[in-house]
Amino acid sequence: MRLPRILMLLAGILMMTLFIWPMWKITLLAPQYPDGVQMHIHINKIGGSTPGTLQNVNILNHYIGMKKILPESIPELKYMPPIVIFFILTAFLIAWLDKKWMYWTWTISLIIILSIGLYDFYLWEYDYGHSLDPKAPMKFEGESFQPPLIGRKEIINFTAISMPHIAGYFLGIATFFGIAATYLKSKKSKLST
Amino acid sequence: MKKQFKYLPVALFIVAIIGIFFFGCNTSQQSTSGALDNDAASAVYVAPGEHDEFYGFFSGGFSGQVSVYGLPSGRLLKVIPVFSQDAEKGYGYNEETKPMLNTNFGFIPWDDAHHPELSQTNGETDGRWLFINGNNTPRVAKIDLTTFETTEIIEIPNSGGNHSSPFTTENTEYIVAGTRFSVPYPQQDVAIDSYKENFKGMLTFISVSDEGHMEIAFQVLLPAFDYDLAHSGKGKSHGWTFFTTYNTEESHTLMEVNASQNDKDFIAAINWKKAEEYIKAGKYKEMPAEHHINTYDEKSHVATSKLQKTVKVLTPEDCPGLVYFMPTPKSPHGVDVDPSGEYIIGNGKLSADLTVHSFTNMLSAIENEEYETTISGIPVLKYEKVIGGVVKKPGLGPLHTEFDNEGNAYTTFFISSEVVKWKLGTWEVLDRIPTYYSVGHLMIPGGDSRKPDGKYMVALNKITKDRYLPTGPEMNHSAQLYDISGDKMKLLLDFPTIGEPHYAQGIAASKIKTKSKKFYPIEENEHPHKALGEKHTKVVRDGNVVRIYMTSIRSHFSPDNIEGIKVGDKVYVHLTNLEQDFDVPHGLAIMGARNAELLVMPGQTETMYWEPQKEGVFPFYCTDFCSALHQEMQGYIRVSPKGSNVPLKWSMGLPDEEEGE
Numbered sequence: 000m001r002l003p004r005i006l007m008l009l010a011g012i013l014m015m016t017l018f019i020w021p022m023w024k025i026t027l028l029a030p031q032y033p034d035g036v037q038m039h040i041h042i043n044k045i046g047g048s049t050p051g052t053l054q055n056v057n058i059l060n061h062y063i064g065m066k067k068i069l070p071e072s073i074p075e076l077k078y079m080p081p082i083v084i085f086f087i088l089t090a091f092l093i094a095w096l097d098k099k100w101m102y103w104t105w106t107i108s109l110i111i112i113l114s115i116g117l118y119d120f121y122l123w124e125y126d127y128g129h130s131l132d133p134k135a136p137m138k139f140e141g142e143s144f145q146p147p148l149i150g151r152k153e154i155i156n157f158t159a160i161s162m163p164h165i166a167g168y169f170l171g172i173a174t175f176f177g178i179a180a181t182y183l184k185s186k187k188s189k190l191s192t
Numbered sequence: 000m001k002k003q004f005k006y007l008p009v010a011l012f013i014v015a016i017i018g019i020f021f022f023g024c025n026t027s028q029q030s031t032s033g034a035l036d037n038d039a040a041s042a043v044y045v046a047p048g049e050h051d052e053f054y055g056f057f058s059g060g061f062s063g064q065v066s067v068y069g070l071p072s073g074r075l076l077k078v079i080p081v082f083s084q085d086a087e088k089g090y091g092y093n094e095e096t097k098p099m100l101n102t103n104f105g106f107i108p109w110d111d112a113h114h115p116e117l118s119q120t121n122g123e124t125d126g127r128w129l130f131i132n133g134n135n136t137p138r139v140a141k142i143d144l145t146t147f148e149t150t151e152i153i154e155i156p157n158s159g160g161n162h163s164s165p166f167t168t169e170n171t172e173y174i175v176a177g178t179r180f181s182v183p184y185p186q187q188d189v190a191i192d193s194y195k196e197n198f199k200g201m202l203t204f205i206s207v208s209d210e211g212h213m214e215i216a217f218q219v220l221l222p223a224f225d226y227d228l229a230h231s232g233k234g235k236s237h238g239w240t241f242f243t244t245y246n247t248e249e250s251h252t253l254m255e256v257n258a259s260q261n262d263k264d265f266i267a268a269i270n271w272k273k274a275e276e277y278i279k280a281g282k283y284k285e286m287p288a289e290h291h292i293n294t295y296d297e298k299s300h301v302a303t304s305k306l307q308k309t310v311k312v313l314t315p316e317d318c319p320g321l322v323y324f325m326p327t328p329k330s331p332h333g334v335d336v337d338p339s340g341e342y343i344i345g346n347g348k349l350s351a352d353l354t355v356h357s358f359t360n361m362l363s364a365i366e367n368e369e370y371e372t373t374i375s376g377i378p379v380l381k382y383e384k385v386i387g388g389v390v391k392k393p394g395l396g397p398l399h400t401e402f403d404n405e406g407n408a409y410t411t412f413f414i415s416s417e418v419v420k421w422k423l424g425t426w427e428v429l430d431r432i433p434t435y436y437s438v439g440h441l442m443i444p445g446g447d448s449r450k451p452d453g454k455y456m457v458a459l460n461k462i463t464k465d466r467y468l469p470t471g472p473e474m475n476h477s478a479q480l481y482d483i484s485g486d487k488m489k490l491l492l493d494f495p496t497i498g499e500p501h502y503a504q505g506i507a508a509s510k511i512k513t514k515s516k517k518f519y520p521i522e523e524n525e526h527p528h529k530a531l532g533e534k535h536t537k538v539v540r541d542g543n544v545v546r547i548y549m550t551s552i553r554s555h556f557s558p559d560n561i562e563g564i565k566v567g568d569k570v571y572v573h574l575t576n577l578e579q580d581f582d583v584p585h586g587l588a589i590m591g592a593r594n595a596e597l598l599v600m601p602g603q604t605e606t607m608y609w610e611p612q613k614e615g616v617f618p619f620y621c622t623d624f625c626s627a628l629h630q631e632m633q634g635y636i637r638v639s640p641k642g643s644n645v646p647l648k649w650s651m652g653l654p655d656e657e658e659g660e
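As they're listed, the protein sequences go chains R and C. Counting from 0, one number per residue, gives the positions in the first sequence under numbering that gives the first Met the number 0. Counting from 0, one number per residue, gives the positions in the second sequence under numbering that gives the first Met the number 0.
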């Protein structure tokens, strides 16, 4: 049965989209921003729907004393790409070697890495939302500026929506393929023994 | 018996009064209910947040500017500064745009802007540029329709009033510039009554490159008539441009009488393709004619004024087949070519009829040499051989004609204050409708192109009187919007305009709005004194010239505390707007600066020149409400006495707060 190997191969290919499209997007909506402010999080950089988006987000954030989002000061953007490349290469390797333990190891470690990644993203959001400059021009008692991990939240005059973006969905499908490949491989091994 | 008839005259008088009363009521009722029945209000209603169907570019006439309206709503969208300084936008006040208004006579802060003209491709408006003529000190300007900014102004030499301009050819190969007032050629100190021997009329063809750069390709030297208006041929008549003339009497005084004597004046037909051949063949004279080309560079955000020294002049005597005169009754004003290019309408403003020449007839008259006479080497074609038709007694004082896409023409009548719709070919009058008051030009979107959009027509009036709430002796001029989609023209809207809405052009919004720029990418900024980030801000002194490299971003200037400036310094404040978002300009005003404000678009750098007059500490601030902390967007400049030794110092924020961006 070739299906698990094909799924692994596809999982590797899908993960390559992380270097093309953003994996996450945070959209800020307010009446005077008819197009919305759309911040894009890539595997290796932070950008947006326009070249000026990050600057515009930082301008908005400075009123409430939120720290500047400076991509060069976020180490994750540097060490995430090699990790992803490692997973892509090992996916191809597994598709070639087709060993059951490899399927298990790959899928479980990917799920662990993804969980750590999401938790790390939450920590960053918590930090941005709570470590506010006491000299900020605008202060709101008891208001949290932490964006949602996933979903929608009202933050003062903005509606913030945090959702996976193109490559994020592909990463999700890749993970699903990994799980499916592992399951099929295990079933197949059981049958053959 | 006699007694019985005694009261008859009285009875008749009473009946007459009653009759007049009823008649009067009746007509007034008709006019009000007419507008209500047709539901004019909903026809021009553009709901909040929605966009108009057309852009209307209205000349500002003696305001020297162009105003942009949405149609059918009549909402004012923008005023584009062109030939006049505009303190609101700093145009002509900041160092970058001052060169735009440079001429042979030096800096001129005003002109009279008459005819906007959209660029065309295959005879259709294409939404790339808008051209407009400056009448007083002859010039033509080009507005870029991605930024809605004036990006080039070219001076027209050997001209004395650039009225028959710019009127593009079918692919914007050329725009033209005919002189309304003939002047000595070459310009010199001569007696005015030597008019007939020393004065000449010059027609100019300006080439437009693919990038929109204008240059004078050639000029055609003609008799000292007044060249009033023009239109270029299209379709079959592509390759020709037609100019109306008045004052073929060649008078120079009391013109209202002396220039109105000849029964017929001329429409000059210029074969510009022939002109190109003569230029190639070297049949021109290279004449000294200093003129400036002022170009605004979108990357450096700086205008430069370049002096050109000569022009190529063609003379009809040396160039047979270049120019023909078509006799046209009584001082024709507008000359308008129908969408097919066959009919050339001469709007004889003092004539009772409307004269229509046929291009086909013109060509055969030329071929058969049907000449009445020859003036300065220019054949005058026989009137009856070129005429294509006459619209009989359509109204009084015809000035201009535009067209719809169904073979109808619409002509304005200044004296009878109306627009008359008539049929091309049958010359019958179909409808007429009053204007308020005394209409000059009219505009149908694409109405002077090969593809008119015959939905709306705008009457551009000269007189306002009682149309709106009174505002003292001076009032904005009025314009009216009509629905022309049916058999009968319908008045929809009446709205005031800026300056004089001399002429206008309309274009489907879809041809422009998607190309409209939102801001200038800051990485493309090539200004010689830019500061692309707060790290690069500084103050530099060189003798008594001080340059302040300043930035703005919501909501602070950097630097915002400056010391070490002295009375008598020549200070240049170079402000770079670091924003990269749509609609976030920052302004700059300095107390006591004898100058206008700066209004800097995101990604742009602009410079204010300031000579501090007095010592003290002077505030400066942002003038364009930019954010919730706009009111805090302010700073101070300390001015010390001449010769003081206060060191040059600049900063933003307390020492531990440096943002270091």
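Just so you know, even glycine gets a beta-carbon here, dropped at the ideal spot from N, CA and C.
Item to complete: Could you tell me whether any Cβ in chain R is nearer than 8 Å to the Cβ of C:LEU628?
Response: Closer than 8 Å to some Cβ of chain R, the Cβ of C:LEU628 qualifies, so yes.
Fill in: Pick from C:GLU614, C:LYS195, C:LYS529, C:ARG431 that is closest to C:LYS298, judged by C-alpha positions
Per the Cα distances, C:LYS529.
Fill in: Cβ of R:ILE58 within 8 Å of any chain C Cβ
Yes, R:ILE58 lies at the interface with chain C (some Cβ there is under 8 Å from its Cβ).
Discussion item. For the segment 23-36 of chain R, list every residue whose C-beta sits within 7 Å of some C-beta in chain C, in sequence order.
Written reply: Of all residues in the segment 23-36 of chain R, none is placed with a Cβ closer than 7 Å to any Cβ belonging to chain C.
Worksheet item: What is the C-beta distance between C:VAL570 and C:VAL545, in whole angstroms, given that I count them as a contact (C-beta under 8 Å)?
Response: With a Cβ gap of about 5 Å, C:VAL570 and C:VAL545 count as contacting.
Worksheet entry | Residues that C:ASP580 contacts on chain R, provided the C-beta gap is smaller than 7 Å | Against C:ASP580, the close residues of chain R are GLY51, ASN55, in the order they occur along the chain (beta-carbon pairs closer than 7 Å).
Worksheet item: Using CA coordinates, which residue listed in C:LEU531, C:LEU490, C:LYS516 is at the minimum distance from C:GLU522?
Response: C:GLU522 has its Cα closest to that of C:LEU531, out of C:LEU531, C:LEU490, C:LYS516.
Discussion item. With a threshold of 7 Å (Cβ to nearest heavy atom), would R:LEU8 be considered close to the ligand GTP?
Written reply: Absent from the structure shown: the ligand GTP. Ligands present: none.
Item to complete: Pull up the DSSP beta-bridge partners for C:LEU129, would you.
Response: Paired residue(s): C:LEU117, C:ILE142.
Practice prompt. Can you give me the start and stop residues for the alpha helix (DSSP H) that R:ILE115 sits inside?
Written response: Annotation: the continuous alpha helix (DSSP H) that includes R:ILE115 extends over 99-129.
Worksheet item: Who pairs with C:VAL570 in a beta bridge, going by DSSP?
Response: Per DSSP, C:VAL545, C:TRP609.
Worksheet item: Is the beta carbon of C:PRO222 sitting closer than 8 Å to the one on C:ILE374?
Response: Contact flag set, yes.
Discussion item. Using the Cβ count rule (16 or more neighbours within 10 Å means buried), how would you classify C:GLU417?
Written reply: Looking at its Cβ environment, which holds 16 or more other Cβ atoms inside 10 Å, C:GLU417 is buried.
Discussion item. Can you give me the C-alpha to C-alpha distance between C:PHE265 and C:THR145, rounded to a whole angstrom?
Written reply: One C-alpha to the other measures close to 39 Å.
Worksheet item: Using the C-alpha atoms, what's the distance from R:LYS44 back to R:ALA29?
Response: Approximately 25 Å between the Cα atoms of the pair.
Worksheet item: At which residues does the alpha helix (DSSP H) containing R:LEU96 begin and terminate?
Response: Residues 75-96.
Discussion item. Between C:THR168, C:PRO165, C:THR149, C:PHE180, which has its C-alpha nearest C:ASN157's C-alpha?
Written reply: Closest by alpha carbon: C:PHE180.
Item to complete: Taking C:THR294 as the reference, give the member of C:MET286, C:GLU499, C:GLN307, C:LYS282 with the closest Cα.
Response: Checking every option, the nearest Cα to that of C:THR294 belongs to C:GLN307.
Practice prompt. Could you tell me whether the segment 637-644 of chain C touches the segment 561-570 of chain C, using the rule of 3 or more Cβ pairs below 8 Å?
Written response: Counting Cβ pairs under 8 Å, three or more are found: they touch.
Worksheet item: How about C:MET632 and C:TYR620: are their beta carbons less than 8 Å apart?
Response: Yes, they are a contact pair.
Item to complete: Identify every residue that forms a DSSP beta bridge with C:SER678.
Response: Given that chain C is displayed from residue 0 to residue 660, the structure contains no residue 678 of chain C and the question cannot be resolved.
Worksheet entry | Assigned secondary structure, R:GLN37 (DSSP; H/G/I helix, E/B strand, else coil) | R:GLN37 carries a strand assignment under DSSP once its states are collapsed to helix, strand and coil.
Worksheet item: For C:THR163, is the classification buried or exposed, using 16 other Cβ atoms within 10 angstroms of its Cβ as the cut-off for buried?
Response: Checking the sequence, you will find Ser at residue 163 of chain C rather than Thr. In summary, C:SER163 is buried, with 16 or more beta-carbon neighbours lying within 10 Å of its beta-carbon over all protein chains present.
Practice prompt. Starting from C:LYS311, follow its DSSP beta bridges and name the residues at the other end.
Written response: Answer by DSSP bridge pairing, in chain order: C:GLU285.
Worksheet entry | Coil, strand or helix - C:ASP209 by DSSP | Here C:ASP209 sits in coil by DSSP.
Discussion item. At the 8 Å Cβ level, is C:ARG74 part of the contact set with chain R, yes or no?
Written reply: For C:ARG74, not one C-beta of chain R is nearer than 8 Å to its own C-beta.
Discussion item. Looking at the strands, I want to know which residues DSSP matches up with C:ASN460.
Written reply: C:ASN460 is bridged to C:VAL438.
Worksheet item: R:PRO133 touches chain C at which residues, Cβ-Cβ below 8 Å?
Response: By Cβ distance, chain C contributes nothing, its closest Cβ being about 13 Å from R:PRO133, past 8 Å.
Item to complete: Note down the Cα distance separating C:PHE21 from C:LEU70, rounded to an integer number of angstroms.
Response: Here the model assigns C:PHE21 a pLDDT of 46, short of 50, so the residue's position is not dependable and the matter cannot be decided.
Worksheet entry | Coarse secondary structure for C:LEU662, derived from DSSP in three states | Any answer about residue 662 of chain C is impossible in this case: the structure gives chain C only from 0 up to 660.
Worksheet item: Of all the CB atoms in chain R, is at least one closer than 8 Å to the CB of C:ILE506?
Response: False, the Cβ-Cβ gap to chain R never drops below 8 Å.
Worksheet item: To the nearest whole angstrom, what separates the beta carbons of C:LYS311 and C:ILE269, a pair I think is in contact under 8 Å?
Response: So it is not a contact: roughly 15 Å between Cβ atoms.
Worksheet item: Can you give the Cα-Cα distance for C:THR26 and C:LYS329, rounded to whole angstroms?
Response: Residue placement at C:THR26 is poorly supported in this model, since its pLDDT is 44, which falls under 50; the coordinates are not used for a value here.
Item to complete: Identify each residue in the segment 527-550 of chain C for which the Cβ-Cβ distance to at least one residue of chain R is less than 8 Å, and report them in chain order.
Response: Those residues of the segment 527-550 of chain C that come within reach of chain R (Cβ to Cβ, closer than 8 Å) do not exist; the list is empty.
Worksheet item: In whole angstroms, what is the alpha-carbon distance linking R:LYS186 and R:MET14?
Response: Annotation: R:LYS186 to R:MET14 spans about 25 Å, alpha carbon to alpha carbon.
Worksheet item: Using the C-alpha atoms, what's the distance from C:TYR283 back to C:VAL549?
Response: The question names Val, yet the displayed sequence has Met at residue 549 of chain C. Distance between C:MET549 and C:TYR283, taken at the CA atoms: about 52 Å.
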